[in-house]
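In my numbering, the protein residues as written are 9 to 322.
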């Protein structure tokens, strides 16, 4: 299979981790790379959003968010009943899978560029919106029938954590500036995007290789869940995108969003809201298994699904 070059950087990182290489990206550089990616995606989404009437997107946005909320509600009973996991761990993992991965989304955009397929740029707005209900549902599921939730601290973490703050900030700047106003920044944020993403994926490969042990320790069930759940979510996203009249590229990206699992915003929020949950399980599943699965297998499959449903008319 002819992988995208940026994906091969992820492979390079995984191999380095498994071979216990001393390769390491300094924390300050990793932080700068993540800030760049979040801002670049937000800016691109804002520029595209400026081309549309915001009111026209409200109904579609509501539908996308409501259907996206189904994902953690399905994941929780599967983890709780079939996996026999604790309420806290089940809720935390469900929140990770209801939330989204900006890096997986970025790889999807890169593939569309290679395939010469356009997509609705305003989908990046939904990348921001989908984070919030999943995290809230996760907390409610974890705390149902128990004590008080520190909602103030949780809401601050969700809305002002790095991920959502930078995505929303970039979105606002891109929307206000528009395509003409943002041109002086094109070479920095848009032309260099794939190169920065490649370096980020190198680091993600190193991190993912260190999380695989957690999956081995807790059995085959969680590993199976980490593969089956994104396929279910992607199917949900494919039908939703087609139903809303999105393009092939837009349908594919929505499926990719639904299928992705958060390992940035969700771990931070769950650490505050559900401290008794074991982060090795949620991060091990989302980053150690689902992220590599999506990169190598899932994303090509989701593109095939989008092309197929549009070719067949549903």
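The beta-carbon is built from N, C-alpha and C at its ideal position, and this holds for glycine as well.
Checklist entry - What separation, rounded to the nearest whole angstrom, lies between the Cα atoms of residue 33 and residue 251? => result When only Cα atoms are considered, residue 33 and residue 251 end up about 43 Å apart.
Item to check | Length of the line joining the Cα atoms of residue 132 and residue 315 | outcome: 20 Å
Checklist entry - Alpha carbon to alpha carbon, what distance is there between residue 196 and residue 40? => result 13 Å
Checklist entry - In angstroms, rounded to a whole number, what distance separates the CA positions of residue 9 and residue 308? => result Note that residue 9 scores 44 on pLDDT, short of 50, meaning its location in the model is unreliable; the coordinates nonetheless yield the value given after this. Spanning the two alpha carbons is a distance of roughly 10 Å.
Item to check | Straight-line Cα distance separating residue 91 from residue 116 | outcome: 30 Å
Item to check | Cβ separation of residue 99 and residue 150, assumed to be a contact under 8 Å, to the nearest whole Å | outcome: 4 Å
Next on the checklist: Here's the rule: buried if 16 or more other CB atoms are within 10 angstroms of the residue's CB, otherwise exposed. What is residue 27?
Outcome noted: exposed
Checklist entry - Secondary structure at residue 195, three-state DSSP: helix, strand or coil? => result helix
Item to check | Buried or exposed (CB count within 10 angstroms, at least 16 for buried), residue 122 | outcome: exposed
Checklist entry - Buried or exposed: residue 139, going by 16 or more other Cβ atoms within 10 Å of its Cβ? => result Buried: at least 16 other Cβ atoms inside 10 Å.
Item to check | Among 125, 271, 212, nearest to residue 7 - alpha-carbon criterion | outcome: Residue 7 falls outside the range modelled here, since the chain spans only 9 to 322, and no answer is possible.
Checklist entry - Which value, in whole angstroms, describes the spacing of the CA atoms of residue 325 and residue 320? => result Summary: the structure shown does not reach residue 325, with the chain confined to residues 9 through 322, and so no result is reported for it.
Next on the checklist: Need the endpoints of the alpha helix (DSSP H) that residue 247 sits in, please.
Outcome noted: Element bounds for residue 247: 228-251.
Item to check | Per-residue DSSP class, three states only, for residue 31 | outcome: coil
Next on the checklist: Please report the distance separating the alpha-carbon of residue 134 from that of residue 178.
Outcome noted: 14 Å
Checklist entry - Can you round the beta-carbon distance between residue 108 and residue 268 to whole angstroms, since I take them to be within the 8 Å contact cut? => result Residue 108 to residue 268, Cβ: 5 Å. Contact.
Next on the checklist: Between the alpha carbons of residue 86 and residue 159, how many angstroms are there, rounded?
Outcome noted: 26 Å
Checklist entry - In chain order, what residues of the same chain lie with their CB nearer than 8 Å to the CB of residue 187, ignoring the 5 residues before and after it? => result 55, 58, 59
Checklist entry - Are residue 20 and residue 210 touching if we call contact CB-CB under 9 Å? => result yes
Next on the checklist: For residue 274, which residues in the same chain have their Cβ closer than 6 Å to its Cβ, ignoring the five residues on either side in sequence?
Outcome noted: 103, 104, 107
Checklist entry - By how many angstroms is the C-alpha of residue 296 removed from the C-alpha of residue 101? => result 13 Å
Item to check | For residue 152 and residue 16, the rounded distance between their alpha carbons | outcome: 43 Å
Item to check | Sub-9 Å separation of residue 263 and residue 246 beta-carbons | outcome: Their beta carbons are under 9 Å apart, which means residue 263 touches residue 246 by this criterion.
Checklist entry - Going along the chain, which residues of its own chain have a beta-carbon closer than 7 Å to the beta-carbon of residue 266, five neighbours each way excluded? => result 76, 79, 241, 242, 244, 245
Item to check | Own chain partners of residue 255 with C-beta closer than 7 Å, once the 5 adjacent residues on each side are dropped | outcome: Listed in chain order, the non-local C-beta contacts of residue 255 below 7 Å within the same chain comprise 126, 127, 128, local neighbours out to five positions each way being set aside.
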